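Chains as they are written, first to last, in the numbering used here: chain A, 321 to 663; chain B, 321 to 663.
Reading through the structure tokens given below for one structure.
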DNA sequence: GTTAGCACTCTCTTTCTTGGAGTGCTAACA
DNA sequence: TGTTAGCACTCCAAGAAAGAGAGTGCTAAC
């Protein structure tokens, strides 16, 4: 059943009011709040309908109504009026364009949390499909070999290997050339056993080193795959009584501490390649079960081709969706601008 | 005034009991709990004395007594019976000897939290006095110069610099030699302007690069100084009603999230060079003010000469001091064993 | 279709009551 | 002089009772 115009307006008024106050909304309030000029009795009738349709709930017989998950969903899908919203501090951060990715991400999470008064998370972009760009072996010590790996996007990884045999700079140079000519431009998946065997042959007596180096490279690139997640503002949940009781707060805090639990949120997003928009999970819809009393708004950002991460904002169901979505959209644009400009 | 033997026994009984139950302890309980064979009336008299001396407090007139901060202090200084306590899982972790220091530290924090049921923190060891061991410049791209810096303890830092001029491998080799001969073995503090000028002269037309490289090195080593702190088990505070009210919980969680606030704890410890033992802060004694209702037990660990960090355990004042101190001591020994063996 | 009016329900807050735990004091005892 | 039994007293915690307020659903009138 489609809602008629009036029901929609009432619904909207109920939600708006509840988002602000967190208290059940009564018919009298609506009667004054809207420009419908209807008496509270009429509103009551309409509200009874809306309740029957499942959009609102009465916590107990003589209380006002609060939106159900279905009601929020309606609001989010059809009634929201998000505006683009600048976050001044963010601009500053983004302009600086920190080369330390982790600093940048931590900052974004923090500013976002301060600005929205909700908890935030941000996952570091995933690089896994990237190509090897450069490999450098150097001797740090008589028996310690430093392996530096640079992949596209200028992500650098280091390993130190212990080696038995003595290596002079000449051999090192050869090995460097060997590795770079064979491997540069390849992704991890493209390196196969044939190549490795060929390289080992060419390396002669130093073949074992080649093996170790490749293992080290593979491992250090792999290590990046268990994904980094930064969070901020977890303490904001205490601002919302409906989340602040011990049981719930404890579960939520745990989720933010054991960032493993947040990965679901990221994976859900990145799995779907076309999904670059903003996703809203209300209550039970969220993939993280400790957040079943929250709403979660996520957005996927993309820095360069294939380098994508997820930003999430976690708050009570009566979160200010307009503001959150607006803020996220603006942030996405700013990130786009920043990284498109650069290229 | 010195406490006589009997008062001490009563004091100890009060604390032991309170640590277990978290409830005020009455005279009747003590009368049965101890082997003193005294009536509750006698105990009452003694307790009145202890209260006058400031070791115990009566929350209200008709309640039992609870230890004051001074009482805990007495217990901790004179009555504790810590036993060395193995933490089986820790052994496993330490034996593996992860080369990724951050993984290791996270794991230690986590296991310690699970084991004690308190919140834990661990600071990454500080390297700042360490010497430059190795510098390597390589060209990643036509205009991108990779600077790899290794300092003693095999801590590796990377930077990528954008350079205007074209550099060939011959020049690069020269610059590499120049940098390494001048700088290896020095600490950051020992590099002075004279050296830099000398190097720039020798570098001739590439002197600006030398300047940039040194800046990059300095910066990346500095960056390590804002110290890493890993935490775990913050949600454990919800297990102790005296910490779990919204106000306190929020402050504590904030401290664990904004790890900056925990730095005080680390600095307090590391400042004092001789202080390698275990330190207990009770209530107001703690340097972090949001923890004024907690007790904090810290220990300093040392991996290699000069590489020290701090481990902290944060719980309610009625924390099981014996267990916590025992566990920390054992952990220190295990770390010692591990790193002494290696050398 | 809308509205005024009214009885009804339920929660929240406040007040009062009661039971229990524990104390401090006194007086008796060894 | 130290220890103990006994008793009156205090205070909190939990429950019961009462009242206020908010909001509803229903009916009847417009």
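Cβ atoms here follow ideal geometry from the backbone N, Cα and C, with glycine treated the same way.
Values in this document were obtained by computation on a predicted structure and should not be read as measured data.
Three-state class that DSSP yields for residue i in the structure shown
{"i": "residue 384(B)", "result": "coil"}
{"i": "residue 620(A)", "result": "strand"}
{"i": "residue 663(A)", "result": "Note on residue 663(A): pLDDT 48, under 50, position unreliable in the model; the coordinate value appears next. Correct three-state label for residue 663(A): coil."}
{"i": "residue 396(B)", "result": "helix"}
{"i": "residue 364(B)", "result": "helix"}
{"i": "residue 326(B)", "result": "helix"}
{"i": "residue 434(B)", "result": "helix"}
{"i": "residue 407(B)", "result": "coil"}
{"i": "residue 629(A)", "result": "strand"}
{"i": "residue 378(A)", "result": "coil"}
{"i": "residue 354(B)", "result": "coil"}
{"i": "residue 345(A)", "result": "strand"}
{"i": "residue 370(B)", "result": "helix"}
{"i": "residue 401(B)", "result": "coil"}
{"i": "residue 421(A)", "result": "helix"}
{"i": "residue 608(A)", "result": "coil"}
{"i": "residue 412(A)", "result": "helix"}
{"i": "residue 391(A)", "result": "helix"}
{"i": "residue 640(A)", "result": "coil"}
{"i": "residue 646(B)", "result": "helix"}
C-beta contact flag for residue i and residue j at 8 Å
{"i": "residue 413(A)", "j": "residue 425(A)", "result": "no"}
{"i": "residue 344(B)", "j": "residue 387(B)", "result": "no"}
{"i": "residue 471(A)", "j": "residue 541(A)", "result": "yes"}
{"i": "residue 551(B)", "j": "residue 619(B)", "result": "no"}
{"i": "residue 333(B)", "j": "residue 354(B)", "result": "yes"}
{"i": "residue 451(B)", "j": "residue 505(B)", "result": "yes"}
{"i": "residue 638(B)", "j": "residue 342(B)", "result": "yes"}
{"i": "residue 536(A)", "j": "residue 508(A)", "result": "no"}
{"i": "residue 621(B)", "j": "residue 631(B)", "result": "yes"}
{"i": "residue 645(A)", "j": "residue 598(A)", "result": "yes"}
{"i": "residue 623(B)", "j": "residue 583(B)", "result": "no"}
{"i": "residue 563(A)", "j": "residue 445(A)", "result": "no"}
{"i": "residue 615(A)", "j": "residue 571(A)", "result": "no"}
{"i": "residue 460(A)", "j": "residue 480(A)", "result": "yes"}
{"i": "residue 581(B)", "j": "residue 608(B)", "result": "yes"}
{"i": "residue 356(A)", "j": "residue 326(A)", "result": "yes"}
{"i": "residue 350(A)", "j": "residue 395(A)", "result": "no"}
{"i": "residue 650(B)", "j": "residue 435(B)", "result": "no"}
Per DSSP, cross-strand counterpart(s) of residue i
{"i": "residue 439(B)", "result": "634(B)"}
{"i": "residue 452(A)", "result": "471(A)"}
{"i": "residue 665(A)", "result": "What is shown of chain A runs 321 to 663, which leaves residue 665(A) out entirely."}
{"i": "residue 446(A)", "result": "628(A)"}
**Prompt:** If contact means a Cβ-Cβ distance below 9 Å, which residues of the segment 453 to 466 of chain A contact chain B?
**Reply:** Those residues of the segment 453 to 466 of chain A that come within reach of chain B (Cβ to Cβ, closer than 9 Å) are 453, 454, 456, 458, 459, 460, 461, 464 and 466.
**Prompt:** Of all the alpha helix (DSSP H) runs that stay within the bounds of the segment 521 to 584 of chain B, which reach a length of 4 or more residues?
**Reply:** Secondary structure in the segment 521 to 584 of chain B: the alpha helix (DSSP H) runs of 4 residues or longer, each lying completely within the stretch, are 527 to 543 and 566 to 577 in chain order.
**Message:** Report the start-end ranges of each beta strand (DSSP E) in the segment 456 to 523 of chain A that is 3 residues or longer and not cut off at the edges.
**Reply:** Runs of the beta strand (DSSP E) inside the segment 456 to 523 of chain A: 464 to 471 and 475 to 482.
**chain A contacts from the segment 434 to 445 of chain B (Cβ-Cβ distance under 9 Å)** = Correct list: empty, as no residue qualifies.
**Prompt:** Taking any Cβ of chain B, which residues in the segment 524 to 536 of chain A have a Cβ under 7 Å from it, in chain order?
**Reply:** From the segment 524 to 536 of chain A, no residue has a Cβ closer than 7 Å to chain B.
**Message:** Closer than 7 Å between beta carbons: that is the criterion. Which residues of the segment 573 to 587 of chain A meet it against chain B?
**Reply:** Under the 7 Å Cβ criterion, the segment 573 to 587 of chain A contributes 573, 574 and 577.
**Request:** Taking only beta carbons into account, state which residues of the segment 468 to 488 of chain B come closer than 7 Å to chain A, listed in chain order.
**Result:** Result list: 468, 470, 474, 476, 478 and 480.
**Request:** Anything in the segment 594 to 622 of chain B with a Cβ closer than 9 Å to a Cβ of chain A? List those residues in chain order, please.
**Result:** Cβ contacts with chain A come from no residue of the segment 594 to 622 of chain B.
**Request:** Please list the residues of the segment 384 to 416 of chain B that have a C-beta atom closer than 7 Å to any C-beta atom in chain A, keeping them in chain order.
**Result:** Cβ contacts with chain A: none found.
**Asked** At a Cβ cut of 8 Å, what residues of the segment 496 to 507 of chain A count as close to chain B, listed as they run along the chain?
**Response** Hits within the stretch: zero.
**Request:** Compile a chain-ordered list of the residues in the segment 555 to 567 of chain B whose CB is closer than 7 Å to at least one CB of chain A.
**Result:** Within the segment 555 to 567 of chain B, the qualifying residues are 555, 558, 564 and 566.
**Item:** the segment 358 to 372 of chain A: positions lying closer than 8 Å to chain B by Cβ
**Value:** Taking 8 Å as the Cβ-Cβ cut-off against chain B, none of the residues of the segment 358 to 372 of chain A qualify.
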